[in-house]
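Protein chains in written order, with our numbering: chain U, 2 to 390; chain Z, 3 to 469.
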């Protein structure tokens, strides 16, 4: 890649619904709420947007599968809409694609919308997929990540107590966030004593299934300057795909997620970052399970391989730590409506960079990282957004 | 010389105590336990398990045919033996046939295999017999019927026990009956039935064989008899002039009356302790009776089954409640028929998912189960060839999942690295989920995975390695 994306595209508006069991609202209701909030934040009308990217995961005609879901909800007719689906990296990848279109000059101003209604379906958790007879029959997301967690914990001698610290930290942050799915603190003892879901994960080690939507309005940096907006720009982006079937691939060692390492390397290169732990102010990372956050620290270069548990235990990733991670509450506490999550991270980063995060505000927030991890480590997307003044 | 060239028993890992059944009905317990299939086992999976163990001890590791005998075949139209042959990865020209409809079907299959070998049609034929007969809840036979399988290979080289004589009698007498519309067996069990049915036919078949072989009861080292209940075979043996010590224990106390596999299973048990030169007389009942006399050869002294009958008899995980046992019996039958099936997909995936053949890269030697066109290690595509994968391996990582659909959560799942290469993801069965750990040696076992689209679906699971 020759030309860096750095400083070319700005985020001028963000919006986010309350996340949770939104049983009284439809997917269209959530889309309208998030998009309207982002437009109002940017001070632009929906009719001023040239194109839209919809990030949504769940299949089904009314589950957001098609672009018409956004077109009809927002009466966004006669313009390009692209649906992006890339496992749990759906939201960040939708944003990434929109950024590239704006950077190319083909699109002046774009809407990125991530939305998901996980609660309106007859199945618990995520729909099963028919790739492999066993997978199709009954494997679950906690079960799949547990495979990796058990291998990691066996390799580095990490115990469930370390995982619990992530839940305690992210619930503490979520308790400060009025839009979070769960706004309550938990103790390490509560986490450890909760019913087991898939060993080593207990109930509080797992993110919830959540409804929600988030939106961002992006345009070129010049356009943002011309509109007199505070300049928050994309500094770097990366996306990497690895096997979706590590459980059948004899070359996978199940320690660390190479997709995250590779996506981060791309983003750091674009942003000119040499020392991630020293240069990044805070991060919103993919804590679908508590253990995932620990391995994310390592894969994103916040600490060395095998030292993730120490990183959280020493408080480095807490609000007020040297590199706060998931000040929003994370997937763990804020919730995880799959396609919405990545865009929700952009919402949080922009809110923090503008110093509008209230009690959960990270001090001196200048450069924020968003990270999604999809499948059992199959897809990862990393975004870097920074404040220029 | 034609005779038995390998044998194996397959007793399911689970047991239900007769006390547990009696307690549920406030009835009298007959004592002891029954071998009980797990919800994912049926006559086909048990037979495949026995046949796989049997095959492993055959010189050359392959057989020219597979005959399956059962009264509880999972498919009424579709060759069950054909599916077992594919599970065993036998070649397409392997002789396959199903034998059924009588508790004597296992002996019919043994006879047919012997004839085929004698006629020079095949060098080695595997006979696998199994049953999972369901008794009506609360009925008289509920404390009687247990589940099991056995496999016996018939061939002309490396014979362990030569077939000296064989022959039987047919009798359309009403003992046990099941119509096409019945889920359970109708049993006419009574003293009259035992005398007029079981004992009369068995005695005729046994006398005929003794006469043909010109042997006296005293010359028989082991009398191996099927039995409809706890003690009918003992009374029969006594009447025919045999001593109690000559009679093979039927394991009624430990596993119950197992139906079609019973004579083959007990023959396998008897062969485990037989000595070269011993005469064994085998007789099985069902719509008459069949019998054969065998003589153990010198080769038997050196033979050892992969997993012995004795070891399996001693093991056992108990269903602690009657409700759990019945739920295990009925679980898959009660699953909805929602699945849609493509036979195109099934045909394409048979080699990988049923035959358990993987691919190997000719450049770097990496093996994997998925038939990918590019090597996962060196990414080359020009030297990928299909290979059979080992059916044993080691747990690389695992999970114990509470949400996995099962009648008895949690479910242990594992990524298993197979011996010699290749990796599979499957459930771990026949052990307590919390005993699964990284490094656990396991063996693969075919199980019923789900129902739907007019099919029972089978896939691989694994269990702690028993050999």
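The beta carbon of each residue, even a glycine, is placed where N, CA and C say it ideally should be.
Taking residue i and residue j to be in contact with their CB atoms under 8 Å, please state how far apart those CB atoms are, rounded to whole angstroms.
i                      : j                      : result
residue 261 of chain Z : residue 47 of chain Z  : 16 Å between Cβ atoms; not a contact.
residue 100 of chain Z : residue 81 of chain Z  : 6 Å
residue 87 of chain U  : residue 334 of chain U : About 24 Å; that fails the 8 Å criterion.
residue 296 of chain Z : residue 253 of chain Z : So it is not a contact: roughly 20 Å between Cβ atoms.
residue 354 of chain Z : residue 374 of chain Z : Not confirmed; about 10 Å, so no contact.
residue 282 of chain U : residue 192 of chain U : Contact doesn't hold; Cβ gap of about 28 Å is too wide.
residue 292 of chain Z : residue 170 of chain Z : 3 Å
Taking C-beta pairs closer than 7 Å, name the residues in chain Z that residue i reaches, listed in chain order.
i                      : result
residue 198 of chain U : 404 and 405
residue 138 of chain U : 451 and 452
Since residue i meets chain B, which of its residues come closer than 7 Å, beta carbon to beta carbon?
i                      : result
residue 424 of chain Z : Looking for chain B here will not work: the only protein chains present are U and Z.
Let me know if residue i comes out buried or exposed under the rule of 16 or more other beta-carbons within 10 Å of its beta-carbon.
i                      : result
residue 183 of chain Z : exposed
residue 213 of chain Z : exposed
residue 327 of chain U : buried
residue 185 of chain U : exposed
residue 389 of chain Z : exposed
residue 346 of chain U : buried
residue 397 of chain Z : buried
residue 197 of chain Z : exposed
residue 2 of chain U   : Since pLDDT at residue 2 of chain U reaches only 49, below the 50 mark, its modelled position is unreliable, and the value read off the structure follows with that caveat. It is exposed - the Cβ of residue 2 of chain U has fewer than 16 other Cβ atoms within 10 Å.
residue 233 of chain U : buried
residue 365 of chain U : exposed
residue 374 of chain U : buried
residue 246 of chain Z : exposed
residue 78 of chain U  : exposed
residue 306 of chain Z : exposed
residue 166 of chain U : buried
residue 428 of chain Z : buried
residue 20 of chain U  : buried
residue 151 of chain U : buried
residue 299 of chain Z : buried
residue 253 of chain U : buried
residue 346 of chain Z : exposed
residue 2 of chain Z   : Outside the displayed span of chain Z (3 to 469) sits residue 2 of chain Z, for which this structure offers no information.
residue 154 of chain U : buried
residue 1 of chain U   : What the structure shows of chain U is the stretch from 2 to 390, and residue 1 of chain U is not part of that stretch, so it cannot be assessed.
residue 425 of chain Z : buried
residue 118 of chain U : buried
residue 181 of chain Z : exposed
residue 259 of chain Z : buried
residue 145 of chain U : buried
residue 41 of chain U  : exposed
residue 107 of chain U : exposed
Below 9 Å on C-beta distance, what does residue i contact in chain U?
i                      : result
residue 372 of chain Z : 133, 246, 249 and 250
residue 379 of chain Z : 251 and 252
At 8 Å on the CB atoms, spell out the chain Z contacts of residue i, in chain order.
i                      : result
residue 155 of chain U : 399 and 440
Please list the partners that residue i has in chain U, where partner means a Cβ-to-Cβ separation under 7 Å.
i                      : result
residue 77 of chain Z  : By Cβ distance, chain U contributes nothing, its closest Cβ being about 18 Å from residue 77 of chain Z, past 7 Å.
residue 417 of chain Z : 148 and 248
residue 428 of chain Z : 135
residue 461 of chain Z : 134 and 135
Please list, in chain order, the chain U residues whose beta carbon lies closer than 8 Å to that of residue i.
i                      : result
residue 366 of chain Z : Chain U residues near residue 366 of chain Z: none, gap ~10 Å exceeds 8 Å.
residue 369 of chain Z : 251
residue 458 of chain Z : Ordered by position in chain U, no residue passes the 8 Å Cβ test against residue 458 of chain Z, which lies about 13 Å from the chain.
residue 305 of chain Z : By Cβ distance, chain U contributes nothing, its closest Cβ being about 35 Å from residue 305 of chain Z, past 8 Å.
Note to self: Which residues of the region 253-275 of chain U have a Cβ closer than 7 Å to any Cβ of chain Z? Give them in chain order.
What the structure shows: 255
Checklist line | Where the region 140-153 of chain U meets chain Z: residues whose CB sits under 8 Å from a CB there | finding: For chain Z, the residues of the region 140-153 of chain U that bring a beta carbon within less than 8 Å of one of its beta carbons are 140, 141, 143, 144, 145, 147, 148, 149, 151 and 152, in chain order.
Next item on the list: Only counting runs of 3 or more residues, tell me where the beta strand (DSSP E) segments fall wholly within the region 93-122 of chain Z, in order along the chain.
Entry: Unbroken beta strand (DSSP E) stretches of 3 residues or longer found wholly inside the region 93-122 of chain Z: 97-102, given in chain order.
Next item on the list: Kindly provide the ranges of any beta strand (DSSP E) runs that are 3 or more residues long and lie completely inside the region 169-243 of chain U, ordered along the chain.
Entry: Runs of the beta strand (DSSP E) lying entirely within the region 169-243 of chain U and spanning at least 3 residues, in chain order: 197-200, 212-221 and 233-242.
Margin query: For the region 304-327 of chain U, list every residue whose C-beta sits within 8 Å of some C-beta in chain Z, in sequence order.
Written below: none
Next item on the list: Return the residues of the region 329-356 of chain Z that lie within a Cβ-Cβ distance of less than 7 Å from chain U, sorted by chain order.
Entry: 355
Next item on the list: Note down, one range per segment and in chain order, each alpha helix (DSSP H) of at least 4 residues found wholly within the region 222-252 of chain Z.
Entry: Counting whole runs of 4 or more residues, the region 222-252 of chain Z contains the alpha helix (DSSP H) stretches 234-241.
Next item on the list: Return the chain-ordered ranges of every beta strand (DSSP E) run that is complete within the region 10-38 of chain Z and spans a minimum of 3 residues.
Entry: Complete beta strand (DSSP E) runs here, min 3: 16-19 and 35-38.
Next item on the list: Any chance you could list the beta strand (DSSP E) runs of at least 3 consecutive residues sitting entirely within the region 14-58 of chain U, in chain order?
Entry: 52-56
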